[in-house]
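Below you'll find the structure, written out as C-alpha cells, and then a few comments.
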C-alpha cells in the first residue's frame, strides 16, 4: 500500500485506510492481533478495542505507572524496533495481566505496528510442554529400564548367582579358609 501511494496509483489516505483494514483482520495463534499507533502515541487502529482509535494514549499508564505507548515510541525512536513489557487486559477482560509486545516502526508513514503476548499464556504453554516432556521421558525410562532389569536377571542366572558372592568366597579362600 505504501508503494502504491508513493507511485501515485492510490491516494495516501486510501492506501493507509486499506493497510489498516488489512492489519485489523490479521490474527495469529487464533486470537493474537496487531495494532497501529503513530509516533505521537495516538492509536490509529486497535482491532480488539476500537474505542481507542484516534485517541491520544501518551498519558495511558499500566498499573505499575509505565506510560506504555510512550515506551513503544521510545523503543522505535532508539532502535527502530524492540520489546516492551507492561500490563494490559486480555480481550474481554478488565483486569490487566503481564504482557510483552514487539513494536516496529514503519518510517514512511510514521507508524508503529505492534503485537504482544500475555505471559500467563506463555507460562501455561511452557507448563504443558514440560508435563508432556516429563510424561514421555518416564515412558522412555520404563522402556529402557525393563529390558535392563531382565538382562541383569538373565546374566546373574548365567553366572550362577551374584558376582559379589563369588568375590567374597574367593577372598575367604585366598585368606586360607
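Numbering (our numbering), first residue to last: 1 to 177.
The beta-carbon is built from N, C-alpha and C at its ideal position, and this holds for glycine as well.
Check, Outcome
"Cβ pair residue 83, residue 100 closer than 7 Å", "yes"
"Distance between residue 96 and residue 42 (C-alpha atoms, nearest Å)", "20 Å"
"Under the three-state DSSP convention, the category residue 34 falls into", "coil"
"Top-ranked residue by Cα proximity to residue 90, from 104, 22, 32", "32"
"Residues near residue 80 in its chain [Cβ-Cβ closer than 6 Å; skip 5 each side]", "105"
"Counted within 10 angstroms of its Cβ, other Cβ atoms place residue 28 as buried (16 or more) or exposed", "exposed"
"Exposure label - residue 165; buried when at least 16 CB within 10 Å", "exposed"
"First and last residue of the uninterrupted beta strand (DSSP E) at residue 98", "96–106"
"Complete runs of the beta strand (DSSP E) confined to the stretch 98–169 [at least 3 residues]", "111–118"
"Bridge partner(s) assigned by DSSP for residue 81", "104"
"Start-to-end residues for the alpha helix (DSSP H) that takes in residue 12", "12–24"
"Extent of the continuous alpha helix (DSSP H) run through residue 2", "2–7"
"Beta-ladder partner(s) of residue 89, from DSSP", "96"
"Minimum C-alpha distance to residue 38 - residue among 20, 30, 25, 26", "20"
"Buried versus exposed, by CB contacts within 10 Å (16 or more), residue 139", "exposed"
"DSSP-derived helix/strand/coil call for residue 27", "coil"
"Between the CA atoms of residue 13 and residue 75 - distance to the nearest angstrom", "26 Å"
"Own chain residues within Cβ distance below 7 Å of residue 156, not counting five before or after", "162"
"Residue range of the unbroken beta strand (DSSP E) whose run includes residue 43", "43–45"
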